Amino acid sequence: MAFASNAQATNTLNPLALIAGFFRAIGNGLVTMAESNQRLKRARNLMDLSDAELAARGIKREDIVKHAFGDIMYI
15 MAFASNAQAT NTLNPLALIA GFFRAIGNGL VTMAESNQRL KRARNLMDLS
65 DAELAARGIK REDIVKHAFG DIMYI
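Here the sequence shown is numbered in this note's numbering, starting from 15 and rising by one per residue.
Next comes the structure, spelled out in structure tokens:
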């Protein structure tokens, strides 16, 4: 048995969607690169520690960023 349909395929490309997709892909790539940074992981691990654990390491909570990124940033 054969079926007939009068539905039309939408093969038109939306240029704005293409441009948005391009920039979305770039943004996702930049986020992935930033999140894979070892210094960022170190800072997050230090932020997860309690104040007592930080004090045992000789670090104040407000100095975590300076401690994690100090070798590449002039903070």
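All C-beta atoms, glycine included, are put in the ideal place defined by N, C-alpha and C. What you are looking at is a predicted structure, and each value in this text was computed from that prediction instead of being measured.
#### Entry: Where Q22 falls: helix, strand or coil (DSSP)
Along the sequence shown, one-based indexing puts residue 22 at 8. Looking at Q22 - three-state DSSP - the assignment turns out to be coil, as it is neither helix nor strand.
### Query
What did DSSP end up calling N51 once you bin it into helix, strand or coil?
In the sequence shown, the residue the question calls residue 51 occupies position 37. Coil.
#### Entry: Buried or exposed by the 16-neighbour rule on C-beta atoms within 10 Å, applied to A48
Taking the first residue of the sequence shown as 1, we reach residue 48 at position 34. Residue burial is scored here from C-beta neighbours: A48 has fewer than 16 other C-beta atoms within 10 angstroms and is therefore classed as exposed.
### Task
Note down, in chain order, each residue of its chain lying with its Cβ closer than 7 Å to the Cβ of M61, except the 5 sequence neighbours on either side.
The residue you call residue 61 lines up with position 47 of the sequence shown. Contacts found: I78.
### Query
Using the beta-carbon count (16 or more within 10 Å), is A82 buried or exposed?
Counting from 1 along the sequence shown, the entry for residue 82 is found at position 68. By the neighbour-count rule (16 or more Cβ atoms within 10 Å), A82 is buried.
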